[in-house]
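Scroll down for the structure; my scribbles are underneath it.
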Amino acid sequence: MSLYCGIACRRKFFWCYRLLSTYVTKIRYLFELKEDDDACKKAQQTGAFYLFHSLAPLLQTSAHQYLAPRHSLLELERLLGKFGQDAQRIEDSVLIGCSEQQEAWFALDLGLDSSFSISASLHKPEMETELKGSFIELRKALFQLNARDASLLSTAQALLRWHDAHQFCSRSGQPTKKNVAGSKRVCPSNNIIYYPQMAPVVITLVSDGTRCLLARQSSFPKGMYSALAGFCDIGEEFRGYTGDTGRYTILLIQSSPSCCYRA
195 MSLYCGIACR
205 RKFFWCYRLL
215 STYVTKIRYL
225 FELKEDDDAC
235 KKAQQTGAFY
245 LFHSLAPLLQ
255 TSAHQYLAPR
265 HSLLELERLL
275 GKFGQDAQRI
285 EDSVLIGCSE
295 QQEAWFALDL
305 GLDSSFSISA
315 SLHKPEMETE
325 LKGSFIELRK
335 ALFQLNARDA
345 SLLSTAQALL
355 RWHDAHQFCS
365 RSGQPTKKNV
375 AGSKRVCPSN
385 NIIYYPQMAP
395 VVITLVSDGT
405 RCLLARQSSF
415 PKGMYSALAG
425 FCDIGEEFRG
435 YTGDTGRYTI
445 LLIQSSPSCC
455 YRA
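Sequential numbering from 195 applies to the sequence shown in our numbering.
Dropping the structure here:
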């Protein structure tokens, strides 16, 4: 009996170490791509791209859920050429992750102004027809995506939004330049480096043990509710934020759902 227990324990530890090793390998690979532009460009050759239009991801419907299709570099170049766009626009893409087999994943927004094209934004209806999908607001589709796609698309949208809003240096006013991975932007005039910002958010689930307090906005799809959430102030403790939940809930009841959003 003890022999079987020993074998089972060794197998358990083996799989734990293997999962940890795979995770560390992925992190090291992503770090290399973020720091080495040449390595990142090489990864694009065999990588896959998620497409966005004005921060809305391209999704396809399948059995009551959304799927996020991926496109190879060759497919993307062919698509851009068909719509009269320069393949150099791919340099606007950002690195968002990789598979266990080290296939790099990127995101590219075809609806935002591009640094490499005069006629920047591609027309949404034509793109949807060509790609056999729809560009859907991520917040509305989030709960109908699988966990991996939801995480990747959230990361992609945040990075794409940050790059779109930080194209100029706050000190010199000169245009900044992103690295290939999109992990930073640099001002050529003074070498100031800008990194993507993170806005800390606290989500509070208020419960009496059997029920929980949820809210919804008029823009939510039918049947969708959300816990109360809001951005943290600098130096604010979680304890202080959760203590404000009642105040925000009262404002929500007495005024409009938008108060919950601005919490």
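Where a beta carbon is used, it is the ideal one built from N, C-alpha and C, also for glycine.
key: Residues near Leu268 by beta carbon distance below 6 Å, same chain, minus five either side   = Closer than 6 Å at the Cβ level, and outside the excluded window around Leu268, lies no residue.
request  = Note the first and the last residue of the continuous beta strand (DSSP E) segment covering Thr323.
outcome  = Careful: Thr323 lies outside any beta strand (DSSP E), inside the alpha helix (DSSP H) at Lys318 to Leu325.
query = Could one say the Cβ of Gln351 lies closer than 8 Å to chain D's Cβ atoms, at least one of them?
reply = Among the protein chains of the structure shown there is no chain D, as only one such chain exists.
key: Rounded C-alpha distance that separates Val380 from Leu306   = Distance between the alpha carbons of Val380 and Leu306 is about 20 Å.
message = Cutting at 7 Å between CB atoms, please list the residues of its own chain near Ala344, excluding the five before and the five after it.
response = Result list for Ala344: Leu336, in chain order.
query = Would you say the region 289–299 touches the region 338–352, given that touching needs at least three Cβ pairs under 8 Å?
reply = Cβ pair count under 8 Å is three or more, so yes.
key: Own chain, CB closer than 7 Å to Asn373, minus 5 neighbours either side, in chain order   = Only Asp231 meet the Cβ criterion.
task = Mind the definition here: the region 314–329 touches the region 386–405 only if three or more C-beta pairs lie below 8 Å; say whether that holds.
result = Put simply, the region 314–329 does not touch the region 386–405. Fewer than three CB pairs are less than 8 Å apart.
key: Contact check, Ile387 vs Lys378, beta carbons under 8 Å   = Contact check for Ile387 against Lys378 passes: the beta carbons are separated by less than 8 Å.
request  = On a CA-only basis, which of Pro382, Pro319 and Ala298 is nearest Lys220? Give me that one, please.
outcome  = Comparing alpha carbon positions, the residue from Pro382, Pro319 and Ala298 closest to Lys220 is Ala298.
query = What span of residues does the beta strand (DSSP E) with His247 cover, start to end?
reply = Where His247 is concerned, the enclosing beta strand (DSSP E) stretches over Ala242 to His247.
Residues that Arg379 bridges to, as DSSP identifies them = DSSP, once it has assigned bridges, lists Lys372 and Tyr388 as partnering Arg379.
Residue nearest to Pro369 in terms of C-alpha spacing, selected from Leu261, His360 and Gln239 = Across the set Leu261, His360 and Gln239, the C-alpha of His360 shows the shortest separation from the C-alpha of Pro369.
ask   = Taking Cβ positions, are Asp303 and Leu224 nearer each other than 8 Å?
value = Taking 8 Å as the Cβ cut-off, Asp303 and Leu224 do not qualify as a contacting pair.
key: Minimum C-alpha distance to Trp356 - residue among Ala341, Gly376 and Ser366   = Here the closest residue by C-alpha is Gly376.
ask   = Does the Cβ of Cys406 have 16 or more other Cβ atoms within 10 Å, making it buried, or fewer, making it exposed?
value = Counting Cβ neighbours within 10 Å, Cys406 comes out exposed, since fewer than 16 surround it.
task = With a 10 Å radius around its C-beta and 16 neighbouring C-beta atoms as the bar for buried, classify Asp286 as buried or exposed.
result = By the 16-neighbour rule on beta-carbons within 10 angstroms, Asp286 is buried.
ask   = Tyr260 and Leu339 look like a contact to me (Cβ under 8 Å); what is the Cβ gap, rounded to whole Å?
value = The Cβ separation is near 5 Å, so the contact holds.
key: Cβ pair Ile330, Ala250 closer than 8 Å   = Yes, the Cβ-Cβ distance between Ile330 and Ala250 is below 8 Å.
query = From Gln238 to Gln295, what distance separates their C-alpha atoms?
reply = A direct Cα-to-Cα measurement between Gln238 and Gln295 gives close to 14 Å.
First and last residue of the uninterrupted beta strand (DSSP E) at Ser348 = According to the DSSP assignment, Ser348 belongs to no beta strand (DSSP E) but to the alpha helix (DSSP H) extending over Ala341 to Ala359.
ask   = If you run the structure through DSSP and keep just helix, strand and coil, what is Tyr419?
value = If DSSP states are grouped into helix, strand and coil, Tyr419 belongs with coil.
query = Between Leu399 and Ala409, which are expected to be in contact by the criterion C-beta below 8 Å, what is the C-beta distance as a whole number of angstroms?
reply = With a contact defined as Cβ atoms closer than 8 Å, Leu399 and Ala409 miss out at about 12 Å.
ask   = In whole angstroms, what is the alpha-carbon distance linking Gly403 and Gln254?
value = As the crow flies, the alpha-carbon of Gly403 is around 38 Å from that of Gln254.
Buried versus exposed, by CB contacts within 10 Å (16 or more), Arg283 = The residue in question, Arg283, is buried, as its Cβ has 16 or more Cβ neighbours within 10 Å.
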